[in-house]
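What follows is one structure encoded as structure tokens, with my remarks underneath.
There are 2 protein chains.
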Amino acid sequence: MRLSRFFLPILKENPREAEIVSHRLMLRAGMIRQQGQGSFSWLPLGKRVLDKVNRIIREEQDRAGAQEILMPTIQSADLWIESGRYEDYGKEMLRITDRHERNMLYGPTNEEMVTDIFRSYVRSYKDLPLNLYHIQWKYRDEVRPRFGVMRSREFLMKDAYSFDLDFDGAKAAYNRMFVAYLRTFARMGLQAIPMRADTGPIGGDLSHEFIILASTGESEVFCRKDFLEFEVPGADVDFGDDAQIADIVATWTTPYAATDEMHDEAAWDAIAEDDKVSARGIEVGHIFHFGTKYSEPMKASVTGPDGKEHFVSMGSYGIGPSRLLAAIIEASHDENGIVWPESVAPFDIALINMKVGDEACDSVCEELYDKLRAAGRDVLYDDTDQRAGGKFATADLIGLPWQVIVGPRGVAAGEVEVKNRKSGERQSVAIAEALARFGTRQ
Amino acid sequence: MRLSRFFLPILKENPREAEIVSHRLMLRAGMIRQQGQGSFSWLPLGKRVLDKVNRIIREEQDRAGAQEILMPTIQSADLWIESGRYEDYGKEMLRITDRHERNMLYGPTNEEMVTDIFRSYVRSYKDLPLNLYHIQWKYRDEVRPRFGVMRSREFLMKDAYSFDLDFDGAKAAYNRMFVAYLRTFARMGLQAIPMRADTGPIGGDLSHEFIILASTGESEVFCRKDFLEFEVPGADVDFGDDAQIADIVATWTTPYAATDEMHDEAAWDAIAEDDKVSARGIEVGHIFHFGTKYSEPMKASVTGPDGKEHFVSMGSYGIGPSRLLAAIIEASHDENGIVWPESVAPFDIALINMKVGDEACDSVCEELYDKLRAAGRDVLYDDTDQRAGGKFATADLIGLPWQVIVGPRGVAAGEVEVKNRKSGERQSVAIAEALARFGTRQ
Numbered sequence: 435m436r437l438s439r440f441f442l443p444i445l446k447e448n449p450r451e452a453e454i455v456s457h458r459l460m461l462r463a464g465m466i467r468q469q470g471q472g473s474f475s476w477l478p479l480g481k482r483v484l485d486k487v488n489r490i491i492r493e494e495q496d497r498a499g500a501q502e503i504l505m506p507t508i509q510s511a512d513l514w515i516e517s518g519r520y521e522d523y524g525k526e527m528l529r530i531t532d533r534h535e536r537n538m539l540y541g542p543t544n545e546e547m548v549t550d551i552f553r554s555y556v557r558s559y560k561d562l563p564l565n566l567y568h569i570q571w572k573y574r575d576e577v578r579p580r581f582g583v584m585r586s587r588e589f590l591m592k593d594a595y596s597f598d599l600d601f602d603g604a605k606a607a608y609n610r611m612f613v614a615y616l617r618t619f620a621r622m623g624l625q626a627i628p629m630r631a632d633t634g635p636i637g638g639d640l641s642h643e644f645i646i647l648a649s650t651g652e653s654e655v656f657c658r659k660d661f662l663e664f665e666v667p668g669a670d671v672d673f674g675d676d677a678q679i680a681d682i683v684a685t686w687t688t689p690y691a692a693t694d695e696m697h698d699e700a701a702w703d704a705i706a707e708d709d710k711v712s713a714r715g716i717e718v719g720h721i722f723h724f725g726t727k728y729s730e731p732m733k734a735s736v737t738g739p740d741g742k743e744h745f746v747s748m749g750s751y752g753i754g755p756s757r758l759l760a761a762i763i764e765a766s767h768d769e770n771g772i773v774w775p776e777s778v779a780p781f782d783i784a785l786i787n788m789k790v791g792d793e794a795c796d797s798v799c800e801e802l803y804d805k806l807r808a809a810g811r812d813v814l815y816d817d818t819d820q821r822a823g824g825k826f827a828t829a830d831l832i833g834l835p836w837q838v839i840v841g842p843r844g845v846a847a848g849e850v851e852v853k854n855r856k857s858g859e860r861q862s863v864a865i866a867e868a869l870a871r872f873g874t875r876q
Numbered sequence: 435m436r437l438s439r440f441f442l443p444i445l446k447e448n449p450r451e452a453e454i455v456s457h458r459l460m461l462r463a464g465m466i467r468q469q470g471q472g473s474f475s476w477l478p479l480g481k482r483v484l485d486k487v488n489r490i491i492r493e494e495q496d497r498a499g500a501q502e503i504l505m506p507t508i509q510s511a512d513l514w515i516e517s518g519r520y521e522d523y524g525k526e527m528l529r530i531t532d533r534h535e536r537n538m539l540y541g542p543t544n545e546e547m548v549t550d551i552f553r554s555y556v557r558s559y560k561d562l563p564l565n566l567y568h569i570q571w572k573y574r575d576e577v578r579p580r581f582g583v584m585r586s587r588e589f590l591m592k593d594a595y596s597f598d599l600d601f602d603g604a605k606a607a608y609n610r611m612f613v614a615y616l617r618t619f620a621r622m623g624l625q626a627i628p629m630r631a632d633t634g635p636i637g638g639d640l641s642h643e644f645i646i647l648a649s650t651g652e653s654e655v656f657c658r659k660d661f662l663e664f665e666v667p668g669a670d671v672d673f674g675d676d677a678q679i680a681d682i683v684a685t686w687t688t689p690y691a692a693t694d695e696m697h698d699e700a701a702w703d704a705i706a707e708d709d710k711v712s713a714r715g716i717e718v719g720h721i722f723h724f725g726t727k728y729s730e731p732m733k734a735s736v737t738g739p740d741g742k743e744h745f746v747s748m749g750s751y752g753i754g755p756s757r758l759l760a761a762i763i764e765a766s767h768d769e770n771g772i773v774w775p776e777s778v779a780p781f782d783i784a785l786i787n788m789k790v791g792d793e794a795c796d797s798v799c800e801e802l803y804d805k806l807r808a809a810g811r812d813v814l815y816d817d818t819d820q821r822a823g824g825k826f827a828t829a830d831l832i833g834l835p836w837q838v839i840v841g842p843r844g845v846a847a848g849e850v851e852v853k854n855r856k857s858g859e860r861q862s863v864a865i866a867e868a869l870a871r872f873g874t875r876q
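The listed protein sequences correspond, in order, to chains A and B. When you line the first sequence up against the working numbering, it's residues 435 to 876, in that order. When you line the second sequence up against the working numbering, it's residues 435 to 876, in that order.
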């Protein structure tokens with residue numbers, strides 16, 4: 435993409451309304467625009483990151499055996515009356531009346547609707563396990579939406595729902611999502627730590643929040659430092675092997691880890707100082723086993739191997755991609771702007787032409803632009819007539835992992851400069867070497 | 435994907451509520467499920483087709499220079515009051531009040547919001563042309579939604595909006611979208627004919643509907659048969675060359691073509707019988723130039739080269755991917771089910787194991803399954819214990835372009851059967867030949 439044709443409305447000033455760094459940087463980098471209270475448009479740069487985040491989420495959901503569907507945003511109130519949640523949900527639910535005076539709502543979550551889909555089609559335990567997910571807009575009418583896309587009213591959510599014959603099956607399904615989440619966050623360059631979460635009136639210990647460590651995080655978290663050294667399962671992890679998956683979950687749930695809310699001072703005090711990590715964290719995922727909470731009132735059952743009807747045992751598994759994107763920025767930025775992990779960067783390389791109009795610079799840039807794209811790299815080519823300082827500031831602000839800087843002096847010597855955004859390291863290399871370095875996906 | 439693990443709820447009976455063939459087939463093939471009046475969930479098979487349709491739309495929008503953004507579904511009423519459409523829109527607009535009693539609505543279209551984005555950032559003619567599009571859910575509270583996803587209340591729409599300094603610029607932008615639409619529909623295997631559309635109170639001749647011919651189409655259309663022989667521009671068409679693009683548009687807009695609504699009997703009668711095509715059609719796209727209709731009331735202007743402020747000249751360009759998918763089925767089906775064009779088929783190949791449990795059949799199927807997927811083919815492997823007749827019926831119903839049928843007799847002779855869904859032609863080929871035929875993308 436040529437920057438001269440790319441809609442990238444960079445803000446020079448820090449927007450006053452932004453209280454946290456991710457909100458500030460997303461506005462400044464022209465990634466999002468506020469459309470109303472807790473409502474945002476994604477501009478081209480932001481949309482590109484959102485797509486990459488969603489792709490990783492999808493790949494890991496699919497790998498773990500979940501299947502993608504797409505449910506509508508507007509739901510009939512009837513289903514929620516059936517589950518008993520219509521009255522309970524309160525003012526956070528956006529209630530709507532259609533032209534025929536029917537009660538509807540903008541889905542804040544989809545347990546009811548997916549249970550309705552399940553009960554319409556599935557009759558036998560032989561069709562289990564089943565896990566259906568979608569990535570769809572949700573709405574929660576928060577009293578005070580804030581922090582940009584970190585806590586907005588309209589937000590994107592990946593929500594998966596598992597259906598199993600009994601608790602053992604549901605637990606295996608839960609474990610698969612647990613491992614899928616470990617992989618998902620690690621692929622985005624995040625250090626995510628699963629922490630036991632409050633299961634509320636349902637009880638049991640099968641709920642975990644995935645918390646990433648970020649110095650600007652919203653809440654305090656406590657864990658043993660063992661987590662920082664645990665290896666995240668590779669792409670070859672066998673989701674068909676319940677025992678292997680359960681072992682991974684055991685490793686990641688045994689050492690102490692707790693959010694402020696669930697913190698146990700006594701247990702914490704028993705840990706040696708050297709083994710403790712106390713930090714700020716941001717919740718980026720939440721998984722939850724809730725058994726027959728919806729299947730019973732909504733009569734979602736299957737015939738078991740015993741010939742009897744069983745209400746299915748369910749769980750739900752959420753990641754907010756729009757929120758996650760902000761969390762990535764909270765965890766990875768510096769004073770000059772965003773520092774994208776390579777896997778989710780909107781472009782791989784900023785190609786900076788220091789002297790547009792100079793025949794030699796233009797020609798080297800065009801060659802690099804064509805060849806790097808042909809090699810499958812996403813390149814943002816700064817072909818504008820901005821001065822060099824402005825170009826560097828923009829490239830740093832939008833945080834692409836690599837900058838390839840083409841100036842007249844370097845070009846005369848057959849060289850370009852390569853800068854790593856994260857380390858700040860700059861290196862002059864021959865043009866052919868720059869091509870070789872980025873010419874194949876690493 | 436193994437069918438034994440794929441959520442594909444085939445219906446044996448014809449659903450009574452379905453009045454048209456696409457609705458019937460989408461329900462029967464387990465592609466969609468009705469969730470309420472004019473509201474549908476996309477099940478895994480349908481979601482796969484929707485993704486492929488969206489990908490083609492995106493590629494052609496991007497090729498033509500449009501840039502993807504993503505605006506929220508819920509809009510503030512304020513913008514619509516500003517444009518003057520809030521009162522005009524009537525009951526089709528889904529109006530919503532939030533917890534603070536603010537008036538909002540579920541966007542039926544996005545002219546206001548995108549104009550608001552434009553005026554917030556763009557100041558100079560130097561930043562034009564600009565074309566922003568998104569693929570987002572829309573809601574129109576129709577009195578009587580029907581025909582499945584062909585006319586639903588919540589539906590997906592790709593809507594693009596162009597901004598230019600003056601009419602000439604806007605016309606060039608219009609032409610680019612015109613050509614992008616020709617390519618988009620052709621890539622989906624559709625014969626789409628642009629027909630002059632009513633521009634209403636704005637006047638002018640810059641509005642076209644793209645109509646595909648389908649015997650079950652919703653309305654009667656009339657055109658010269660020249661259209662059936664016109665060549666659709668290739669992928670190398672130069673969207674930077676306004677003259678070349680205008681020539682293509684001239685070719686496609688000169689011969690007579692009209693919907694029932696715009697039909698001119700006198701002009702029609704003047705055409706020789708042999709040159710006439712009178713058929714049924716379905717609208718799948720609509721492009722529209724509307725000049726300063728929104729930029730004036732909403733004060734979206736840029737400084738021109740003359741140093742003066744100019745209200746930008748705009749156009750909008752819509753395709754409904756969910757509706758389009760139904761239209762593809764209307765245009766391409768037979769008595770046994772859907773016949774997907776290869777470009778949008780949910781899977782490329784149905785691999786049918788006629789005797790699951792037979793060692794030789796299983797082993798050949800596993801080999802084909804692995805190797806075809808490794809070659810980049812989407813394969814749905816029917817590894818269920820259904821009888822052969824049921825497997826054939828399912829494969830025909832869901833309409834995958836190719837069936838590779840593996841039975842004990844063929845395997846003993848080192849052969850499998852290859853069936854083309856569209857022609858019905860079956861051929862016995864050596865296993866290695868089947869691999870060679872599908873082993874590389876055609």
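Glycine included, every Cβ here is placed at the ideal spot set by N, Cα and C. From a predicted model like this one, the values you see are computed outputs, not experimental measurements.
Taking 7 Å as the threshold, the shortest C-beta distance from residue 505 (chain A) to chain B falls below it. As the crow flies, the alpha-carbon of residue 614 (chain B) is around 19 Å from that of residue 440 (chain A).
With respect to the C-alpha of residue 831 (chain A), the residue from A:537, A:862, A:773, A:815 having the closest C-alpha is A:773. Scanning its chain for C-beta atoms nearer than 8 Å, with the 5 sequence neighbours on each side dropped, one finds around residue 735 (chain A) the residues 553, 729, 743, 744, 745, 746, in chain order. Taking a C-beta distance under 7 Å as the contact criterion, residue 761 (chain A) and residue 837 (chain A) do not qualify as a contact pair.
Rounded to the nearest whole angstrom, the CA to CA distance from residue 793 (chain B) to residue 799 (chain B) is 10 Å. Neighbours of residue 554 (chain A) in chain B, taken as residues whose beta carbon is under 9 Å from its own, are 443, 467 in chain order. Among the residues of the region 572 to 587 of chain B, those with a Cβ less than 8 Å away from any Cβ of chain A are 573, 575, 577, 587, in the order of the chain. By the neighbour-count criterion, in which 16 or more other beta carbons inside 10 Å mark a residue as buried, residue 655 (chain B) falls on the buried side.
Contact annotation: the region 535 to 543 of chain A does not touch the region 601 to 611 of chain A, with fewer than three C-beta pairs closer than 8 Å. If you draw a 10 Å sphere on the C-beta of residue 481 (chain B), you find 16 or more other C-beta atoms in it, and that means buried. Ranked by Cα distance from residue 438 (chain B), the options B:864, B:816, B:720 are led by B:816.
Annotation: residue 443 (chain A) to residue 509 (chain B) spans about 22 Å, alpha carbon to alpha carbon. The Cβ-Cβ distance between residue 478 (chain A) and residue 503 (chain B) falls below 7 Å. With a threshold of 7 Å between beta carbons, residue 812 (chain A) makes no contact with chain B. In the three-state scheme derived from DSSP, where H, G and I count as helix and E and B as strand, residue 789 (chain B) is classed as coil.
In chain order, 747 place their CB closer than 6 Å to the CB of residue 725 (chain B), counting only its own chain and leaving out the 5 sequence neighbours on each side. In the three-state reduction of the DSSP assignment, residue 542 (chain A) falls in the coil class, being assigned neither a helical nor a strand state. For residue 822 (chain B), the secondary structure class from DSSP, reduced to helix, strand or coil, is helix. If you look at residue 481 (chain B), you'll find it in the alpha helix (DSSP H) that goes 478 to 497. Counting along the chain, no alpha helix (DSSP H) covers residue 628 (chain B); the unbroken beta strand (DSSP E) around it starts and ends at 626 to 630. In chain order, 537, 538 place their CB closer than 8 Å to the CB of residue 531 (chain B), counting only its own chain and leaving out the 5 sequence neighbours on each side. Taking a contact as a CB-CB distance under 8 Å, the pair residue 631 (chain A) and residue 566 (chain A) does not count as one, their CB atoms being some 22 Å apart. Inter-residue distance for residue 716 (chain A) and residue 653 (chain A) is about 7 Å (C-alpha atoms, whole angstroms). Taking 7 Å as the CB threshold, residue 743 (chain B) stays off the interface with chain A. The DSSP-derived three-state label of residue 743 (chain B) is strand. Interface flag for residue 470 (chain B) against chain A is set, since a Cβ pair is found closer than 7 Å.
Beta-bridge partners of residue 853 (chain A) (DSSP): A:837, A:860.
Note on residue 577 (chain B): under 16 other CB atoms within 10 angstroms of its CB, so exposed under the neighbour-count rule. With a cutoff of 7 Å on beta-carbon distance, residue 629 (chain B) and residue 692 (chain B) are scored as near each other.
Listed by position along chain A, the residues whose Cβ is nearer than 9 Å to that of residue 478 (chain B) are 501, 502, 503, 566. For residue 549 (chain A) and residue 864 (chain B), the gap between their C-alpha atoms comes out near 46 Å.
At a cut-off of 7 Å between beta-carbon atoms, residue 551 (chain A) makes contact with chain B.
In the displayed model, residue 753 (chain B) falls within a strand according to three-state DSSP. Per the DSSP secondary-structure output, residue 806 (chain A) pairs with nothing in a beta bridge. In this structure, the CA atom of residue 506 (chain A) is about 21 Å from the CA atom of residue 496 (chain A).
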